[in-house]
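A.B. asks:
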Amino acid sequence: MRDFTLDLEVQALYTECATALDEREFERFLACFASECAYSIHAKENVDRGWPIALVSCPSRGLLVDRVAAIQKSSFVIPRVQRRLVSSVRVASATELPLRSQASFAVFETFEGEATTFFVAGRFEDTICRERGELKLAARKCILDSSIVPNSLPFPL
Amino acid sequence: MPDHHLPQWPGEGLTRIPHSVYTDEAIYEREQERIFRGASWNYVGLEAEIPKRGDFVKSFVGETPVILTRDAEGGVNVLVNRCPHKGVQFCQEAAGNTKTFACPYHQWSFDLKGSLQGLPFRRGVGGQGGFSPEFDFATHGLDRLHVTTHRGAIFASFSPETPPFEAYLGASNLGYFDRVFDGRPLRVLGKMKQRVATNWKTLVENFKDPYHATLLHVFFATFGIWRADQRTEVRIDPTGGTSTLVQTSPVVLEKKRADEIEADIAAQMKVFKKDFMALAEPTLLRVLREFPEDEDTVTMQTLWPNCAIHQNLNSLGVRLALPRGPNAIEIHWTFFGYESDSPEITERRLLHANFFGPGGLVTGDDIEVWQLNQRGVRTTPSGVCRVEAGGSSTADADFVITESAVRAFYGHYRRVMGL
Ligand SMILES: [Fe+2]
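Listed in order, the protein sequences are those of chains L and Y.
For the first sequence, our numbering gives the first residue as 5, with consecutive numbering after it.
For the second sequence, our numbering gives the first residue as 190, with consecutive numbering after it.
(1) Counting by C-beta, which residues lie closer than 7 Å to a heavy atom of ligand 1, in chain order?
(2) Quick one: does residue 350/Y have its CB under 8 Å from some CB of chain L?
(3) Please specify which runs of the alpha helix (DSSP H), each continuous and at least 4 residues long, are wholly inside the stretch 8-69 of chain L, giving them in chain order.
(4) Can you name the start and end residues of the alpha helix (DSSP H) that residue 216/Y belongs to?
(5) Just checking: is the beta-carbon of residue 519/Y within a distance shorter than 8 Å of some beta-carbon in chain B?
(6) At 9 Å on the CB atoms, spell out the chain Y contacts of residue 147/L, in chain order.
(7) Is there a C-beta anywhere in chain Y that falls below 8 Å from the one on residue 141/L?
(8) Could you pull out every residue in the same chain whose Cβ sits closer than 8 Å to the Cβ of residue 444/Y, ignoring the five residues on either side in sequence?
(9) Less than 8 Å separating the beta-carbons of residue 374/Y and residue 527/Y?
(10) So, does the CB of residue 547/Y fall closer than 8 Å to a CB anywhere in chain L?
(11) Of the residues that make up the stretch 371-397 of chain Y, which ones have a beta carbon closer than 9 Å to any beta carbon in chain L?
(12) Below 7 Å CB to CB, which residues in the same chain sit around residue 376/Y once its five sequence neighbours on both sides are set aside?
(13) Terminal residues of the continuous alpha helix (DSSP H) containing residue 355/Y?
(14) CB-CB under 7 Å to residue 515/Y, same chain, minus the five flanking residues each way: which ones, in chain order?
(15) Against residue 66/L, what residues of chain Y qualify as contacts under a CB-to-CB distance less than 9 Å, listed in chain order?
(16) Within the 8 Å Cβ cut-off, does residue 358/Y reach chain L?
(17) Listed in chain order, which residues of the stretch 84-113 of chain L have Cβ atoms closer than 9 Å to some Cβ of chain Y?
(18) Since residue 432/Y is in the alpha helix (DSSP H), which residue starts that stretch and which ends it?
(19) Closer than 8 Å is the cut-off here; do at least three beta carbon pairs connect the stretch 240-257 of chain Y with the stretch 269-280 of chain Y?
(20) According to the Cβ coordinates, are residue 605/Y and residue 318/Y closer than 8 Å?
(21) From the beta carbon of residue 80/L, is the nearest beta carbon of chain Y less than 8 Å away?
(22) Kindly say whether residue 240/Y, judged by its beta-carbon, lies nearer than 8 Å to any beta-carbon of chain L.
(23) Using a Cβ-Cβ distance under 8 Å, would residue 283/Y count as near chain L?
(24) Residues of chain Y with a CB under 8 Å from the CB of residue 57/L: which are they?
(25) If the criterion is Cβ atoms closer than 8 Å, does the pair residue 589/Y and residue 328/Y meet it?
(26) Quick check on residue 400/Y: buried or exposed, where buried means 16 or more other Cβ atoms within 10 Å of its Cβ?
(27) Measure the C-alpha to C-alpha separation of residue 60/L and residue 72/L and round it to an integer number of angstroms.
(28) If we count the other Cβ atoms within 10 Å of its Cβ and call it buried at 16 or more, is residue 286/Y buried or exposed?
(29) Would you decide whether residue 442/Y is buried or exposed? Buried here means 16 or more other CB atoms lie within 10 Å of its CB.
(30) Please determine, among 427/Y, 382/Y, 507/Y, 405/Y, the residue with the shortest C-alpha to C-alpha distance to residue 232/Y.
(31) From residue 549/Y to residue 311/Y, what distance separates their C-alpha atoms?
(32) What does the alpha-carbon distance come out to for the pair residue 40/L and residue 502/Y?
(33) Which residues in chain L have a C-beta closer than 7 Å to the C-beta of residue 557/Y? List them in chain order.
(34) Assign residue 49/L to buried or exposed, taking buried as 16 or more other Cβ atoms, counted over all protein chains shown, within 10 Å of its Cβ.
(35) Apply the 10 Å Cβ neighbour rule to residue 394/Y and answer buried if 16 or more other Cβ atoms are within range, or exposed otherwise.
(36) For residue 341/Y and residue 235/Y, I'd like the C-alpha separation in whole angstroms.
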């Protein structure tokens with residue numbers, strides 16, 4: 005029988021990353037990533053057509069740190085609650101590190117005074133490594149199911 | 190339609206914009222008829238999106254879905270995505286390569302120029318039914334728009350009376366257009382699309398408004414990309430519909446100048462962040478100079494009616510504000526470079542796209558404000574906007590705190606709309 009220890013560890017990393025963003029605790033979000041990492045969000049059309057542009061492109065940890073700083077210090081964002089559901093985790097190689105893993109995500113949004121609406125869905129394509137004993141995201145690609153985004157994407161997914 | 194259905198423009202003239210132009214259904218319908226289906230050159234795409242014969246890509250002229258095709262002779266066609274038989278929107282793929290389009294309903298087929306090529310059972314079955322011998326293929330093709338291409342950009346119009354593109358832009362604005370579209374073959378880097386609960390004109394105004402950029406965009410202000418103290422030009426075409434904002438500045442703030450001006454700006458800008466003056470990755474703002482005749486210049490050009498072109502840092506892009514009723518738009522962004530780009534400058538273009546689009550570190554601010562703007566005007570349709578920065582001028586300006594290009598836009602808008 006397959007040993008699911010590593011799968012559970014990956015699941016715990018995903019939960020931490022999603023709830024850190026839901027709770028707007030960006031230090032916890034950054035702590036989910038390795039010291040060398042990449043993060044990006046892609047619309048369907050660009051993936052389908054092989055176009056390189058990304059909705060969010062942070063090819064280094066510094067750029068991810070700067071995006072988080074910009075969100076906190078310089079961006080104007082209408083207040084909202086976001087709720088991330090991460091599911092159907094698929095760890096491709098459960099024995100060797102770095103490992104490849106995918107998961108499905110859905111995000112809901114709630115604006116002040118309004119009912120909750122569905123925001124975006126898609127899949128994560130991740131590379132995961134181990135640093136000081138803990139699993140960390142070395143690379144995360146968020147690939148949206150849609151080519152069009154409702155309103156804006158002020159926060160990471 | 191008699192004019193009494195339409196709201197009246199306030200007596201003060203162009204320093205006032207009635208809220209109803211953002212919310213009124215009758216105004217919206219007249220915009221579709223007179224602006225988007227009128228004598229306007231509507232940007233629809235880049236030739237680089239359909240380089241090969243048979244290539245097609247979907248786009249929009251206002252609300253109308255269209256297909257851009259490269260025909261067998263290499264020509265560019267803009268066809269309405271609607272079968273003339275029953276009105277079926279027959280093309281479902283975003284892009285592809287084909288010789289013909291077939292409607293799934295009754296299999297009418299059309300070539301890349303939109304001509305009707307064939308229909309099954311034309312003579313009926315067993316000598317019964319079918320179409321009369323007089324059935325005219327020539328009058329049953331797809332609706333075809335007038336097309337003009339300029340240095341790789343494709344524009345379409347429903348009206349045969351649209352002036353030639355060069356005259357449509359006016360001399361000074363053609364110069365800014367040709368600065369980016371300089372004749373080098375273009376390379377598409379990708380698209381961003383978003384749906385926003387606002388009116389299409391709110392975007393156009395926003396792109397013509399240098400005043401807000403110094404106040405709302407804390408990131409750009411903090412890092413000296415668009416600040417109140419920088420050299421600014423507003424260049425408006427003779428009609429007022431098209432204009433360009435130009436800012437020239439050292440892209441990365443020089444410390445000695447910063448000290449002098451910081452106090453002044455910080456005093457007026459509550460949002461200016463002195464504590465956010467350092468980046469973990471300073472290379473984010475590194476620009477490869479590519480327009481050698483210029484200093485570090487940022488341009489934002491808006492083309493009548495609903496298109497804008499940005500050249501900012503190393504990002505080049507076209508955006509369209511497509512109307513979806515008075516209270517909604519789709520924004521379609523196309524990012525591009527040149528075929529001759531080095532890997533280094535392509536890397537810059539991809540990195541600098543972080544400032545734009547739905548996740549843009551700078552345009553993200555605008556998107557939020559556009560929604561709040563629409564919420565305000567919707568709840569007070571009898572109200573007016575007051576547009577008095579820079580007085581009542583609709584002329585060119587060489588300073589930041591002016592809304593002259595917005596007033597000039599509404600001067601043209603009123604003439605076209607008969608308001
Ligand atoms: Fe802006």
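Each residue gets a CB set at the ideal place from its N, CA and C atoms; glycine is no exception.
C.D. replies: Taking the geometry as given:
(1) 395/Y, 401/Y, 402/Y, 405/Y, 406/Y, 551/Y, 552/Y, 554/Y, 555/Y
(2) no
(3) 9-26, 30-35, 48-53
(4) 214-220
(5) Protein chains in the displayed structure are L and Y, and chain B is not among them.
(6) Within chain Y, no residue comes near residue 147/L; the closest Cβ sits about 13 Å away, beyond 9 Å.
(7) no
(8) The predicted position of residue 444/Y is uncertain, since its pLDDT is 44 and thus under 50; a value taken from the coordinates is nonetheless stated next. Around residue 444/Y: no qualifying Cβ.
(9) yes
(10) yes
(11) 377, 378, 379, 380, 381, 382, 383, 384, 385, 386
(12) 237, 525, 526, 527, 528, 530
(13) 354-358
(14) 211, 212, 213, 214, 217, 388
(15) 468, 469, 470, 471, 472, 473
(16) no
(17) none
(18) Unbroken run through residue 432/Y is the beta strand (DSSP E), 432-437; no alpha helix (DSSP H).
(19) yes
(20) no
(21) yes
(22) no
(23) yes
(24) 378, 379, 380, 381, 524, 539, 542
(25) no
(26) buried
(27) 12 Å
(28) exposed
(29) Only weak support exists for where residue 442/Y lies, its pLDDT of 42 falling under 50; the value from the coordinates is given anyway. Its Cβ being crowded by 16 or more others within 10 Å, residue 442/Y is buried.
(30) 507/Y
(31) 54 Å
(32) 26 Å
(33) 80, 81, 82, 156
(34) buried
(35) buried
(36) 6 Å
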